Amino acid sequence: MASSLLPYAPFSLSLTSTSAPRNAVALAAAPFASMSTTQRKSRRKKQQNQQNDLKSSDDNGYTGSADGNFTPSSAEKLLRLVFMEELMERARSGSVLGVSDVIYDMVAAGLTPGPRSFHGLVVSHVLNRDEEGAMHALRRELSEGLRPLHETFIALIRLFGSKGHATRGLEILAAMEKLNYDIRQAWLLLVEELVRGGHLEDANRVFLKGAEGGLRATDELYDLLIEEDCKVGDHSNALTIAYEMEAAGRMATTFHFNCLLSVQATSGIPEIAFSTFENMEYGEAFMKPDTETYNWVIQAYTRAESYDRVQDVAELLGMMVEDYKRLQPNVRTYALLVECFTKYCVTKEAIRHFRALKNFEGGTTILHNEGQYGDPLSLYLRALCREGRMVELLDALETMAKDNQQIPPRAMILSRKYRTLVSSWIEPLQEEAELGHEVDYIARYIAEGGLTGERKRWVPRRGKTPLDPDAEGFIYSNPMETSFKQRCLEEWKIHHRKLLKTLRNEGPAVLGDVSESDYIRVEERLKKIIKGPEQSSLKPKAASKMIVSELKEELEAQGLPTDGTRNVLYQRVQKARRINRSRGRPLWVPPVEEEEEEVDEELDELISRIKLEEGNTEFWRRRFLGEGLNENHNKPLEVEDYDILDVSDDADVGDDVVKEAEDDEVDEEDEEVEQTESQVGDRVKDKEAEATKPPQMIGVQLLKDSEHSTSSSRKSKKKSSRVSMEDDDDDDWFPEDIHEAFKELRKRKVFDVSDMYTIADAWGWTWEKDFKNKTPRKWSQEWEVELAIKIMTKVIELGGTPTIGDCAMVLRAAIRAPMPSAFLHILQTTHQLGYVFGSPLYDEIIGLCLDLGEIDAAIAIVTDLETSGIKVPDETLDRVISARQANENPVNDALQ
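According to this note's numbering, the stretch in the sequence shown is residues 74 to 969, in order.
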């Protein structure tokens, strides 16, 4: 070759410089050593002519001399063949001693061992992974004046590569080069063996040395090295090898870019991964992004620690949906999206993608990811609890049971009051469970490490980093918990906002053959449902404006003293409110009796006629083509109507902003009041500006956003409308009639019908449309208790352990319902967990059953208490017995 891998000295010198120890090679040389010096000289002189022509005579039994006159006898060829068969059989079995014996027998029979004989000796050492013995056998062969076979060097290369001896492998390559052998195959084998042996650094060094010497690797070796380098995070070497591959004439493909992205996604700087993604996006067809490419970039954004990256992920998601004809998401895509949206508290989107994830077997296991990266599965379950989404929580638990995924311990650590996800959603976290007995707070404080300083305070301070020791994962927002009742009410309002918006857009025709007065009644009914009860009653009255009786009522409700003058009571109320604010507790307000809603079956029937078409792409395609349009869609709206019709995907976020603004008004010491109020004020101004415009159909909005009209101003539009009377070919001309507008829109080909699709259409979410248009179920205490029992049972099945606070909260919810049929099941579950409530709570439950006439339930509860070893007071037993006798006497009288 023109260039050498290593400028080594002549190979024969480097190999013969070491003396051979007494081992297997010494045994191989024993037959030669047993002969005297005179005999050996005589034998060599006798066969001198044959040695000149038979250096490799054990290959096939014949090698012609220079002039082609010498031919060994057939007997010699047959004898040599017999020896070679025996030698190779013992070499394959790895018997060094057996190969040495055959060589001894060959010498005794008058045959000179050739290169293939020594090849068998070397192979036997290689199979025993004896590198020193193999090298001694090679040196012995060279001392005999023989030229080693190419296969002998290959065997040594494999041995040195598998044991990680890159330097000795390079020496063998240099020796092969001196003997004019082609070293490309040996170089490839050396690199491959080094990689498989886990010696990646040496493999890179040998590979680059060969590449510099002009050797070209195979496609498989390029792929192997890049992939293995990326697996260990060696981005620099992987990139260098990729450059070498491109210099050799093979361009990087999607596979190679994905390997590089796997390292960049864990670097903590997602911009690097996105730049690689852009190179792929705008490159050739063989390097276009695939599903794994998107997965790596989404992972890079999701697990970045710098700031909120949810918008970047949303943009990536949009690009992936647009390319749905070429690629589809897999289970890892959905798991990463659930992790991302959960981490950044966009729970609604996390739920959407979890519904897709649960269709894959083992999806929750991948989401759990062995608890790494903040345990995304636990974060998802806890996010559902914080937002009161109990139907989705039960669905997630059932999916986990299907995947045999146990509930992670971290998912159960949720509150500061010894409550977990089982009950945290029933009441706000600030409410402590009523256990029926006094809680020794000093003992609890000591048990938590209060005396040693190990106890961490949970209290989140405004404007500062929360001290919640379990806030990991909720890095950018640690939201307040929403009760299940509040969540049901919000979903009820959102659904009716959609109905009102559809009613306004479609007009009376959507109700069928109704009068104008019926249309107005339905509209007013929907607006009343959306507005809900007056919010002013939920705010506490200023203490300075309260009379003595009101002050005493607030203090008594919180268990505080009510004695003293008005000034003392005032100061006490103010102090209690400050404490509640500092601890994140809701301020006490006088109880308000909820007015029962009047049921108007006629109006409800009319409202049920309104059909939501959200997510129905086929409907909107027909609408774009001008089918089903009516003339009642341009009714002007008032400013408050735009507030009512705010039904975007961020409706929950908007509600949170309003709630935060209300809380800030109550807290006079909050420094963020001015900023929040300014944001809310800007929103109101924007809506007032938009209120003067009627709602427009999707086609008109698309036309406004198109490049044909974005550059024109309001004045140019007026001017073009006047000019359109003279020149109909003007690009800015657009008809006012909606039917003609759609025709013009299709004529200009601004937007094609085939481009109308949603993420549900692109990714086959057949369930999405049903969830969006489904009428939510109204909240009831009975439904809440049923869900609570199901969730508690499912959590226990998945390996979770509810606390006594969980059991108490679920039991208290059943008492409020009331649901005597659920008392026994909750108490049995509590006792099986080893918890015991206080006597007042048991007495209250039994008394409630007796008051409701549920004698059998009371008897069952008493029986369970006695079975569990819990003493029942005699007064309680007397009440149960008396109620049972009173219940049986009328029956006996009737029988008589």
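Glycine included, every Cβ here is placed at the ideal spot set by N, Cα and C.
Please read these numbers as outputs of a predicted model, since none were measured by experiment.
Quick one, are the C-beta atoms of residue i and residue j less than 9 Å apart?
i: proline 343; j: alanine 377; result: yes
i: leucine 676; j: arginine 598; result: yes
i: isoleucine 877; j: leucine 906; result: yes
i: arginine 570; j: glutamate 596; result: no
i: cysteine 303; j: serine 340; result: no
i: threonine 364; j: phenylalanine 330; result: no
i: alanine 931; j: valine 909; result: no
i: phenylalanine 414; j: alanine 423; result: yes
i: valine 464; j: proline 875; result: no
i: glutamate 554; j: methionine 882; result: no
i: leucine 511; j: leucine 914; result: Reading the sequence as shown, one finds glutamate at residue 511 and not leucine. It is not a contact, given that the beta carbons lie outside the stated cut-off.
i: glycine 237; j: serine 197; result: no
i: threonine 438; j: aspartate 468; result: no
i: proline 362; j: leucine 390; result: no
i: glutamate 265; j: leucine 294; result: yes
i: arginine 819; j: leucine 679; result: no
Can you have a look at residue i and say buried or exposed, based on whether 16 or more other CB atoms are within 10 angstroms of its CB?
i: alanine 959; result: exposed
i: proline 808; result: exposed
i: serine 216; result: exposed
i: proline 664; result: exposed
i: threonine 291; result: exposed
i: valine 641; result: exposed
i: aspartate 828; result: exposed
i: methionine 324; result: exposed
i: glutamate 214; result: buried
i: proline 946; result: exposed
i: lysine 851; result: exposed
i: threonine 903; result: buried
i: lysine 574; result: buried
i: arginine 269; result: exposed
i: tyrosine 316; result: exposed
i: valine 621; result: exposed
i: tryptophan 260; result: buried
i: lysine 788; result: Unreliable positioning characterises lysine 788 in this predicted model, as indicated by a pLDDT of 42, which lies under 50. A coordinate reading is not provided.
In its own chain, which residues sit with a C-beta less than 6 Å from the C-beta of residue i, not counting the 5 before and 5 after it?
i: methionine 485; result: Thr493, Gly873
i: alanine 338; result: Ala346, Trp369, Gln372, Ala373
i: phenylalanine 359; result: Thr326
i: isoleucine 603; result: Lys566, His569, Arg570, Ile717
i: cysteine 561; result: Trp852
What residues in its chain sit with their C-beta under 7 Å from that of residue i, if we drop five residues either side in the sequence?
i: histidine 898; result: Ile862
i: glutamine 479; result: Leu871, Gly872
i: leucine 633; result: Arg645, Ala649
i: alanine 228; result: Val195, Val196, Val199
i: glutamine 631; result: Ala649, Trp661
i: arginine 889; result: Gln854
i: threonine 638; result: none
Only counting the same chain, and skipping five residues up and downstream in sequence, which positions put a Cβ closer than 8 Å to that of residue i?
i: alanine 239; result: Phe233, Leu263, Leu267, His272, Asp275, Ala276, Arg278, Val279
i: serine 955; result: none
i: alanine 616; result: Leu624, Tyr643, Val646, Gln647, Arg650
i: arginine 957; result: Ile928, Ile932
i: asparagine 653; result: Pro659, Leu660, Trp661
i: tyrosine 254; result: His223, Phe226
i: glycine 306; result: Val336, Thr339
i: alanine 474; result: Lys867, Glu870, Leu871
i: glutamate 742; result: Because glutamate 742 carries a pLDDT of 35, less than 50, the predicted location of this residue cannot be relied on, and no value is offered for it.
i: valine 935; result: Ile919, Val945, Thr949, Leu950, Val953
i: tyrosine 446; result: Arg376, Glu412
Less than 8 Å between the CB atoms is what I'm expecting for residue i and residue j, so what's the real figure, rounded?
i: leucine 200; j: glycine 167; result: 4 Å
i: threonine 375; j: leucine 409; result: 6 Å
i: glycine 187; j: leucine 219; result: 6 Å
i: leucine 160; j: valine 175; result: 4 Å
i: proline 402; j: aspartate 448; result: About 22 Å separates the two Cβ atoms, so there is no contact after all.
i: leucine 430; j: tyrosine 397; result: 18 Å between Cβ atoms; not a contact.
i: leucine 860; j: proline 893; result: The pair is not a contact, with the Cβ atoms about 18 Å apart (cut-off 8 Å).
Quick check: is any heavy atom of the ligand FMN less than 8 Å from the C-beta of residue i?
i: isoleucine 424; result: Ligands displayed in this structure: none; no statement on the ligand FMN is therefore possible.
Would residue i count as contacting chain D if we go by Cβ distances under 9 Å?
i: threonine 876; result: Within the model displayed, chain D is absent; a lone protein chain is all it includes.
Inset, instruction - Could you name each continuous alpha helix (DSSP H) segment of 4 residues or more that falls completely within the stretch 347 to 402, going from the start of the chain to the end? - result: 364 to 375, 383 to 395
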